[in-house]
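Take a look at the structure set out below.
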Amino acid sequence: MKILGASLEDDDEETMRIDEELRRSFDEVLRKSLQIKSNLERQISTTKKLLALREEPNMGSDNLHSDLVRYKLQLDTAQKNLEKFRVLKSTIAP
Numbered sequence: 126m127k128i129l130g131a132s133l134e135d136d137d138e139e140t141m142r143i144d145e146e147l148r149r150s151f152d153e154v155l156r157k158s159l160q161i162k163s164n165l166e167r168q169i170s171t172t173k174k175l176l177a178l179r180e181e182p183n184m185g186s187d188n189l190h191s192d193l194v195r196y197k198l199q200l201d202t203a204q205k206n207l208e209k210f211r212v213l214k215s216t217i218a219p
């Protein structure tokens, strides 16, 4: 019986260690995903501000159209990445 008790105690310790490791890993993934989300939201906001500035009537630029296209592509990419983040987050943090 002592051997069985010691074996169960070892299993409990191993289970607790694994649980703690999983918790730390999950916390790290969640922290990094929140950083990614914040960065993407900041990129979206900045791109929208740049687009708004470029669309002002008194702006003179030979490359206005190409700038707008580039900013729009950046905005689309940032929004797609944010959506991917939301999907990923929903799978790891219910």
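Residues 126 to 219 in the working numbering are what the sequence shown spells out, letter by letter. Yeah, the Cβ is synthetic: ideal placement off N, Cα and C, and Gly gets one too.
Item                                                                                                      : Value
Within 8 angstroms, strictly: CB atoms of residue 213 and residue 163                                     : no
Complete beta strand (DSSP E) runs within the segment 144 to 212 (minimum length 3 residues, chain order) : none
Local Cβ density within 10 Å of residue 172, reported as buried at 16 or more and exposed below that      : buried
Counted within 10 angstroms of its Cβ, other Cβ atoms place residue 177 as buried (16 or more) or exposed : exposed
Beta-carbon proximity of residue 196 to residue 165, cut-off 8 angstroms                                  : no
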